[in-house]
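In UniProt numbering, the protein residues as written are 1 to 898.
Backbone N, C-alpha and C define an ideal beta-carbon position, used for all residues, glycine too.
Source: prediction; values computed, not measured.
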Amino acid sequence: MKMGGFRVENFMIVVVVVMLLRFKGTTLVVGQTQQRVTVPSERFALIQLRSSLGIRAKDWPIKPDPCLFWKGIQCVNGSVVGVNVSGLRRTKFGKRNPQFAVDSLVNLTHLASFNASNFPLPGQIPDLFGRSMGNLQVLDLHSCNITGTIPFSLGNLTRLRVLVISQNDLTGIVPANLGQLVNLSILDLSENSLTGSIPDSFASLKNLSYFDLSSNYISGSIPRGIGILSNLRNLNFSNNMLMSDIPPQLGDLRSLVDLDLSFNSLVNTLPPDLKGLRSLRTMSIGHNRLFGTLPDDLFHGLTELEVVVLSHNNFSGAVPDAFWGMPKLQLLDVSGNNFTGVLPNTTFNANATSATLNISDNKYYGGLSTVLQRFNSIDLSANYFEGKVPDLLRSTASFDENCLQNATHQRPGDDCASFYASKGMTFDNFGLPTNIMPTAGQSPAKKSHKRTIILAAVLGGVGVVILVILLLLLILCVRRNGGPRPSDVRPTSPTVDGPPLQGVSINLSSLGDPLPYEQIRQAAGDFGDASLIKKGHSGDLYRGILEGGIPVVIKKIHSDSLKRKSYLTELDFFSKVSHPRLVPLLGYCLEKENEKYLVYKHMPNSDLSSSLHRTINTGDDSLRSLDWITRSKIAIETAESLSYLHHECAPPFVHRDVQASSILLDDRFEVRLGSLSEVCVQEGDTQPGVLTRIMRLPLNSEQGPSGSQTSNCAYDVYCFGKVLLELVTGKLGISASNDASVREWIDQKLPYINIYDKELVTKIVDDSLLYDEDLLEEIWAMAIVARSCLNPRPSRRPLMRYVLRALENPLRVVREENTASGRLRTTSSRGSWNASVFGSWRQSLDVGPASASSAARMEGTSRQIIHGADGLSSRRRQSREIFPEPINELDVERQEEN
Numbered sequence: 001m002k003m004g005g006f007r008v009e010n011f012m013i014v015v016v017v018v019m020l021l022r023f024k025g026t027t028l029v030v031g032q033t034q035q036r037v038t039v040p041s042e043r044f045a046l047i048q049l050r051s052s053l054g055i056r057a058k059d060w061p062i063k064p065d066p067c068l069f070w071k072g073i074q075c076v077n078g079s080v081v082g083v084n085v086s087g088l089r090r091t092k093f094g095k096r097n098p099q100f101a102v103d104s105l106v107n108l109t110h111l112a113s114f115n116a117s118n119f120p121l122p123g124q125i126p127d128l129f130g131r132s133m134g135n136l137q138v139l140d141l142h143s144c145n146i147t148g149t150i151p152f153s154l155g156n157l158t159r160l161r162v163l164v165i166s167q168n169d170l171t172g173i174v175p176a177n178l179g180q181l182v183n184l185s186i187l188d189l190s191e192n193s194l195t196g197s198i199p200d201s202f203a204s205l206k207n208l209s210y211f212d213l214s215s216n217y218i219s220g221s222i223p224r225g226i227g228i229l230s231n232l233r234n235l236n237f238s239n240n241m242l243m244s245d246i247p248p249q250l251g252d253l254r255s256l257v258d259l260d261l262s263f264n265s266l267v268n269t270l271p272p273d274l275k276g277l278r279s280l281r282t283m284s285i286g287h288n289r290l291f292g293t294l295p296d297d298l299f300h301g302l303t304e305l306e307v308v309v310l311s312h313n314n315f316s317g318a319v320p321d322a323f324w325g326m327p328k329l330q331l332l333d334v335s336g337n338n339f340t341g342v343l344p345n346t347t348f349n350a351n352a353t354s355a356t357l358n359i360s361d362n363k364y365y366g367g368l369s370t371v372l373q374r375f376n377s378i379d380l381s382a383n384y385f386e387g388k389v390p391d392l393l394r395s396t397a398s399f400d401e402n403c404l405q406n407a408t409h410q411r412p413g414d415d416c417a418s419f420y421a422s423k424g425m426t427f428d429n430f431g432l433p434t435n436i437m438p439t440a441g442q443s444p445a446k447k448s449h450k451r452t453i454i455l456a457a458v459l460g461g462v463g464v465v466i467l468v469i470l471l472l473l474l475i476l477c478v479r480r481n482g483g484p485r486p487s488d489v490r491p492t493s494p495t496v497d498g499p500p501l502q503g504v505s506i507n508l509s510s511l512g513d514p515l516p517y518e519q520i521r522q523a524a525g526d527f528g529d530a531s532l533i534k535k536g537h538s539g540d541l542y543r544g545i546l547e548g549g550i551p552v553v554i555k556k557i558h559s560d561s562l563k564r565k566s567y568l569t570e571l572d573f574f575s576k577v578s579h580p581r582l583v584p585l586l587g588y589c590l591e592k593e594n595e596k597y598l599v600y601k602h603m604p605n606s607d608l609s610s611s612l613h614r615t616i617n618t619g620d621d622s623l624r625s626l627d628w629i630t631r632s633k634i635a636i637e638t639a640e641s642l643s644y645l646h647h648e649c650a651p652p653f654v655h656r657d658v659q660a661s662s663i664l665l666d667d668r669f670e671v672r673l674g675s676l677s678e679v680c681v682q683e684g685d686t687q688p689g690v691l692t693r694i695m696r697l698p699l700n701s702e703q704g705p706s707g708s709q710t711s712n713c714a715y716d717v718y719c720f721g722k723v724l725l726e727l728v729t730g731k732l733g734i735s736a737s738n739d740a741s742v743r744e745w746i747d748q749k750l751p752y753i754n755i756y757d758k759e760l761v762t763k764i765v766d767d768s769l770l771y772d773e774d775l776l777e778e779i780w781a782m783a784i785v786a787r788s789c790l791n792p793r794p795s796r797r798p799l800m801r802y803v804l805r806a807l808e809n810p811l812r813v814v815r816e817e818n819t820a821s822g823r824l825r826t827t828s829s830r831g832s833w834n835a836s837v838f839g840s841w842r843q844s845l846d847v848g849p850a851s852a853s854s855a856a857r858m859e860g861t862s863r864q865i866i867h868g869a870d871g872l873s874s875r876r877r878q879s880r881e882i883f884p885e886p887i888n889e890l891d892v893e894r895q896e897e898n
């Protein structure tokens, strides 16, 4: 989870460790010799806890003393002061019926810390914590599958310093008596389903330094009394339903470092008192209803700011000049507002060139100034900039929908002229398309010129019609003479029979560094068997270490013609695209005539095929499987990379080798898509249109116009469906093969995926997965998406951007909003758009009719977790960014065909 650009987990780890080691009254000294449990009742209590939680004997052996041999047990003077079950695993019997059974803790009278983060404790938080554990100073129940409400009895734990109950399914209000925990330093209630308002009593928590209520359903206003929390350093109320203004008292939080109020409905202007936040490094107040101008003096003194997000509000005027001169600024996002004016023409802090700027979707105009030189990533789209684009900005900036001379995808000339006229300025049309009609004062020569243009356009249109008619006649003749017929051919495995590379011109300067052969050879240990990872179809992969200790993977390409073609394809691809979800190319070596080398960043967790079930040396347990949250994260991030290739690249790219071994995983299990040697530009039309259907041309993605079998985006969607099925079922090798046995296995499993019956999917879910009823809905949704992707008719498979949206919002797939009409409606209502995108999953599955109860099921409140390229933020609301309004029917035509 991120809060406005900073990572909460790192902060939490540091703070919790410090708190564990520095309790007042009960000090746990690092390196202190553990003593045996001297109180028989405490030893018996630990044995009871071992039984009720089902802890494995490997972690808590029955005979040795718990203080000396049990993991996570801290003792002082013969008494237990700390219990940490985080990271421990239940026995097989304990997994069958896990419960929040910790009653024996009441007998640990000196217990100061209980940490069960990421340990499944389905059920409600017991009242015993507040009633009988008055010495407790640390309570960490982060991500434990807890349900129910927060017990009011927790307000009795007056010694408590750390309370973390984030990422659970807690409901109800936030108890006001938590304001009695005056010693509290960390309070994290984020990512639950809490409702109500923020209690005014929290103004009493004067020792609070970390306060996170993000991703709930908190409404009302921000308490005015929050300004007296002078020790507060991190404040996160994002992703809620707050509707008031921002209280001026926030400016009194002189120690505040990170502030995140984004994704609410906050109104009014920014209070000038915020200029008192001199220590602030992160300010994120995007996606609200704030308005007004931003006074320059409001930000002039905030010199520590590194991240500023003001996007998607209604701010007007000019962006304060203070932003351009902030020495530590790394991100400035003011997109989606009504900012206007011209950019300052002064270079501020020219040495700071690693920042990101997003001023898209505003009303800026004039030329591109030198102030942009301090940013290395820029989005200026949807403004009214004019003039020429400097060459030094072409590789770092996006310029779409402006009025620039030497850039593509610009506004029509009449739009630009009208805007500049409203400013009392003249716009010189530099060849942009225009629809302005001639005025009464135009000369006859200009009118004649206009008539000539119109006549030429009409004749050109007639010529196009004649050409189309001739093309139709030619195709009909071919079909009569035995041309290709429509068929539902199943996809074949990826091949390298795509369009040949002819005249490829590769810009090597845009790739990684050229490396000398000797350095490559030494890094790979002379390419010996000890360094060999595997023999790939496009070259042999070796592990290596470059100078400076940088671990890498080196691909050695031999002189074989097919392999040589694949490395050229890959270099050409890397020279054209760049995305954080693609495996980084660090360098290359092209010195040798018969051997070429590509150097990639090493991925510590290898790939999905080897990480889904990882073999570990842990005695009785030899296999560890990925949990569902990680699997879901991997699916979303893989869909992100494919959506980028299919929908954000022009022309679209087809990966052609989507399988578990192509999904590489870094040290945090974030996806970097690899196996890029077979990428090619998509052949033919990306969406079958009316003309295609009239002529009854083949709609099979596995056979492109030139005869290649894998050069269409629908093929990637099919292969990705097999990856999703692999994540759901846990069966390895599905995505790597397409032989008869795999197809037969898929055909056997697909009947268990039914949009109207959730329980059926439990018969094919991976036995090693631990999941509750809520997670089962997400698993069910992914299985439905997988089945849609595996539709034998390529034209009925969803577009990858819809696949991504469905995986990010799984409950929208299985919770039907409106079953009255399955057809796409062209109204602009959000409901109809959601029906067209998410309702289409039902149409693409070819299952039987729903029962009456299923048809009456209404959509409930959805919960979502999104993981982005940089560890992107947690659950978001159902906003227009996730569910944009449809532009036209063609955008979803494929979803509603037949």
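query: If you drop the 5 nearest sequence neighbours on each side, which residues of the same chain put their C-beta closer than 8 Å to that of residue 910?; result: Nothing can be reported for residue 910: it is not among the residues displayed for the chain, which extend from 1 to 898.
query: Which class does Val83 belong to by DSSP, given the choice of helix, strand or coil?; result: strand
query: Looking at C-alpha atoms only, which residue of Ser360, Leu470 and Tyr364 is the closest neighbour of Ala318?; result: Tyr364
query: For Arg521 versus Leu582, is the C-beta distance shorter than 8 Å?; result: no
query: Could you say if the region 376-386 and the region 398-412 meet the contact criterion of at least three C-beta pairs nearer than 8 Å?; result: yes
query: Rounded to the nearest angstrom, how far is the Cβ of Arg668 from that of Leu727, given a contact under 8 Å?; result: Rounded, the Cβ-Cβ distance is 18 Å, inconsistent with contact.
query: Locate the beta strand (DSSP E) running through Cys75, then write down its first and last residues.; result: Ile73 to Val76
query: Roughly how many angstroms separate the alpha carbons of Ile165 and Leu139, rounded to a whole number?; result: 8 Å
query: DSSP state of residue 965, grouped into three classes?; result: This structure does not reach residue 965, given that the chain is present from 1 up to 898, and the question cannot be answered.
query: Please go through the same chain and pick out, in chain order, the residues whose beta-carbon is closer than 7 Å to the beta-carbon of Cys649, but skip the five residues on each side of it.; result: Val577
query: Enumerate, from N- to C-terminal direction, the unbroken alpha helix (DSSP H) stretches of 4 or more residues contained entirely within the region 184-212.; result: none
query: Please determine, among Ser768, Gly539 and Glu670, the residue with the shortest C-alpha to C-alpha distance to Ser677.; result: Gly539
query: Using only the alpha-carbon positions, how far apart do Ser335 and Gly134 sit?; result: 50 Å
query: If you follow the beta strand (DSSP E) that Cys589 is in, where does it begin and where does it stop?; result: Leu585 to Cys589
query: Expressed to the nearest angstrom, what Euclidean distance is found between the alpha-carbon atoms of Arg50 and Lys722?; result: 40 Å
query: Just mark Leu467 as buried or exposed, buried being the case when its beta carbon has 16 or more other beta carbons within 10 Å.; result: exposed
query: What are the residues that DSSP puts in a beta bridge with Val267?; result: Asp245 and Arg289
query: For the 8 Å Cβ check, are there 3 or more pairs between the region 173-191 and the region 206-215?; result: yes
query: Measure how close the beta-carbons of Leu266 and Asn288 come, nearest whole angstrom, since I'm counting them as under 8 Å.; result: 4 Å
query: Could you check where the beta strand (DSSP E) with Tyr802 kicks off and where it finishes?; result: Tyr802 -> not in any beta strand (DSSP E); alpha helix (DSSP H) instead, spanning Met800 to Glu808.
query: Asp297 lies in the alpha helix (DSSP H); which residues open and close that run?; result: Asp296 to His300
query: Extract the residue ranges of the beta strand (DSSP E) inside the region 335-397, only unbroken runs of 3 or more that lie entirely within it.; result: 338-341, 355-358, 363-366, 375-379 and 384-387
query: Could you tell me if Gly548 is buried or exposed, where buried requires 16 or more neighbouring beta carbons within 10 angstroms of its beta carbon?; result: exposed
query: Would the beta-carbon of Lys555 fall within 8 Å of that of Tyr517?; result: no
query: Against chain B, with Cβ distances strictly below 8 Å, would Met241 count as a contact?; result: Absent here is chain B; the protein component of the structure consists of one chain.
query: On the criterion of 16 or more Cβ atoms from any shown chain inside 10 Å, does Ile222 qualify as buried, or is it exposed?; result: buried
query: Grab the span of the alpha helix (DSSP H) containing Tyr718 for me, first residue to last.; result: Cys713 to Thr729
query: Enumerated in chain order, which unbroken segments of the alpha helix (DSSP H) with a length of 4 residues or greater are wholly contained in the region 760-794?; result: 773-789
query: To which residues of the same chain is Gly366 closer than 6 Å at the C-beta, ignoring the five residues directly before and after it?; result: Val342
query: Quick one: give me the first and last residue of the beta strand (DSSP E) that Glu321 is part of.; result: According to the sequence as given, residue 321 is Asp; it is not Glu. Asp321 -> not in any beta strand (DSSP E); alpha helix (DSSP H) instead, spanning Asp321 to Trp324.
query: Under the rule that 16 or more other beta-carbon atoms within 10 Å means buried, what is Thr158, buried or exposed?; result: exposed
query: Determine the DSSP secondary structure at Thr149, reduced to helix, strand or coil.; result: strand
query: Reducing DSSP to helix, strand and coil, say where Thr426 ends up.; result: coil
query: Going by C-alpha distance, which of Ala736, Asp739 and Val765 is nearest Leu750?; result: Val765
query: What three-state label does DSSP hand residue 916 in the structure shown?; result: There is simply no residue 916 to check, as the chain begins at 1 and stops at 898 in what is shown.
query: Should the region 782-795 be regarded as contacting the region 647-663, the criterion being three or more beta carbon pairs within less than 8 Å?; result: no
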